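Peer 1:
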Amino acid sequence: MSSLFDLHGRTALITGSTRGLGFSYAQGLAEAGAAVILNGTDAGRLDEAVGRLLASDHQACGFVFDVADEASVEAMFATLDRQGVQVDIVINNAGIQHRQPLLELPLTNWQRVLDVNLTSAFIVGRAAARRMVARGSGGKIINIGSLTSEAARATVAPYTAAKGGIKMLTKAMAAEWAEHGIQCNAIGPGYIHTEMNAALTSNAEFDAWVKASNPTRRWGRPDELIGTAVYLSSRASDYVSGQIIYVDGGWLATL
Ligand SMILES: NC(=O)c1ccc[n+]([C@@H]2O[C@H](COP(=O)([O-])OP(=O)(O)OC[C@H]3O[C@@H](n4cnc5c(N)ncnc54)[C@H](OP(=O)(O)O)[C@@H]3O)[C@@H](O)[C@H]2O)c1
25 MSSLFDLHGR TALITGSTRG LGFSYAQGLA EAGAAVILNG TDAGRLDEAV
75 GRLLASDHQA CGFVFDVADE ASVEAMFATL DRQGVQVDIV INNAGIQHRQ
125 PLLELPLTNW QRVLDVNLTS AFIVGRAAAR RMVARGSGGK IINIGSLTSE
175 AARATVAPYT AAKGGIKMLT KAMAAEWAEH GIQCNAIGPG YIHTEMNAAL
225 TSNAEFDAWV KASNPTRRWG RPDELIGTAV YLSSRASDYV SGQIIYVDGG
275 WLATL
């Protein structure tokens, strides 16, 4: 059974993995045997994250780039090509939040959230899939959605539009790439304790709303996403494509 989930011999790129959920995915995939490539925009944080994994005897390296910058993404893949590194698994995790009512939202803020949360998955996913198709080796692409892939909440319109788009981009990728042995799926985390949510976890009213709305009555932890990430990265999910799996403590299942 464990060989179904074994990732030895696989290389995984996890975007936005210097902290939060991305680091947790990287750690989980590394523990399952994968060599992991980390990414972020802050070189110091990236070095520290790579160092933590190397200190645990995992195979890890990192690249600083902005996932929304096509030229930087292509340059990283070109470097990996020169090094003979093949990316078998991609987790399109990098994301940002911007809270502002729609009536006051400038176009630049809308566009940046769409670029980092949605367009990046196209840019990175396309670069990886082109190589997977050319090699004929298949692969795994995992995009990161959210509860807002299904339902809206006031003041986070661009994030909601981006995460809704992630759900449908995942299906579009599956429609075109499944025949090449590339499974494309998404994970939709519920509310998880990370830096992105620092302002929310420390807000007593919001904290109470999360606990009241969610049948588990608590926030999720980053390590609780690892099982789903390893499953979608592994042979265990070879006939699963175009799906979004919500890891939300049952939130979306309840009224
Ligand atoms: N936490 C939750 O409750 C929750 C719920 C649903 C979905 N999600 C999704 O899960 C993902 C991770 O969330 P998180 O809470 O772990 O966020 P986080 O703690 O804010 O971490 C974000 C990560 O993304 C990197 N990043 C940000 N912008 C980037 C860019 N333009 N290019 C490359 N890397 C970038 C950051 O690194 P640098 O600082 O170095 O740039 C950091 O490593 C996001 O897609 C988020 O929307 C989170």
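Our numbering puts the sequence shown at residues 25 to 279.
Where a beta carbon is used, it is the ideal one built from N, C-alpha and C, also for glycine.
Predicted model only: the values in this text are computed from it and were never measured.
(1) Go ahead and pull the three-state DSSP assignment for I190.
(2) Return yes when the C-beta of L256 is under 7 Å from any heavy atom of ligand 1, and no when it is not.
(3) Which word fits Q207, buried or exposed, when buried means at least 16 other C-beta atoms lie within 10 angstroms of its C-beta?
(4) Can you tell me which of the three DSSP states Q83 falls into?
(5) According to DSSP, what are the bridge partners of N209?
(6) Examine ligand 1 and report whether any of its heavy atoms sits within less than 7 Å of the Cβ of L70.
(7) Taking Cβ to Cβ, would you say P239 is nearer than 8 Å to T278?
(8) Who are the near neighbours of L138 in its chain, counting only those whose CB is closer than 8 Å to its CB and skipping five residues on each side?
(9) Give me the Cα-Cα distance between V234 and R242, rounded to the nearest whole angstrom.
(10) With L62 as the anchor, note down where its beta strand (DSSP E) starts and where it stops.
(11) Given this structure, state the Cα-to-Cα distance separating L129 from A79, to the nearest angstrom.
(12) Taking its Cβ as the centre, do 16 or more other Cβ atoms sit within 10 Å of A54, making it buried, or is it exposed?
(13) Answer yes or no: does any C-beta atom of chain C fall closer than 8 Å to that of A118?
(14) Distance check for F29 and A260, CA to CA, integer angstroms please.
(15) What are the start and end residues of the alpha helix (DSSP H) that includes T39?
(16) Please identify the residue among L31, G52 and L62 whose C-alpha is closest to the C-alpha of G40.
(17) Of all the options A210, A236, V111 and A153, which has the alpha carbon lying nearest to the alpha carbon of E200?
(18) Determine the DSSP secondary structure at G119, reduced to helix, strand or coil.
(19) Per DSSP, what are the beta-bridge partners of V114 in this structure?
(20) Could you tell me which residues DSSP pairs with G274 in its beta bridges?
(21) Relative to the C-alpha of R155, which residue among T143, S144, V109 and A223 is closest?
(22) Quick one, which of V60, R43, D112 and G119 has its alpha-carbon nearest A158's?
(23) Going by other Cβ atoms of all chains shown within 10 Å of its Cβ, with 16 needed for buried, is S48 buried or exposed?
(24) Apart from the five residues on each side of it in sequence, which residues of its chain come closer than 8 Å, Cβ to Cβ, to T172?
(25) Provide the residue span of the alpha helix (DSSP H) that contains F29, from first to last.
(26) Between G52 and ligand 1, is the CB less than 7 Å from at least one heavy atom?
(27) Taking 6 Å as the limit between beta carbons, can you name the residues of its chain near G57, skipping five residues before and five after?
Peer 2: According to the structure shown:
(1) helix
(2) Flag unset: Cβ of L256 not near ligand 1.
(3) buried
(4) coil
(5) I166
(6) yes
(7) By the CB criterion at 8 Å, P239 and T278 fall inside the cutoff.
(8) P182, A185, A186 and G189
(9) 7 Å
(10) Under the DSSP assignment, L62 falls in the beta strand (DSSP E) whose first and last residues are A59 to G64.
(11) 44 Å
(12) buried
(13) No chain C appears in the structure shown, which is made up of a single protein chain.
(14) 6 Å
(15) Run containing T39: none; DSSP gives neither H nor E here.
(16) L62
(17) A153
(18) Note: G119 maps to coil in three-state DSSP.
(19) L37 and I165
(20) None, per the DSSP bridge assignment.
(21) Ranking T143, S144, V109 and A223 by Cα distance to R155 puts V109 first.
(22) D112
(23) Buried, by the Cβ-count rule.
(24) The answer, listed in chain order, is V180, Y183, T184, K187 and G188.
(25) Element bounds for F29: n/a, residue is neither H nor E.
(26) no
(27) D30, L31 and H32
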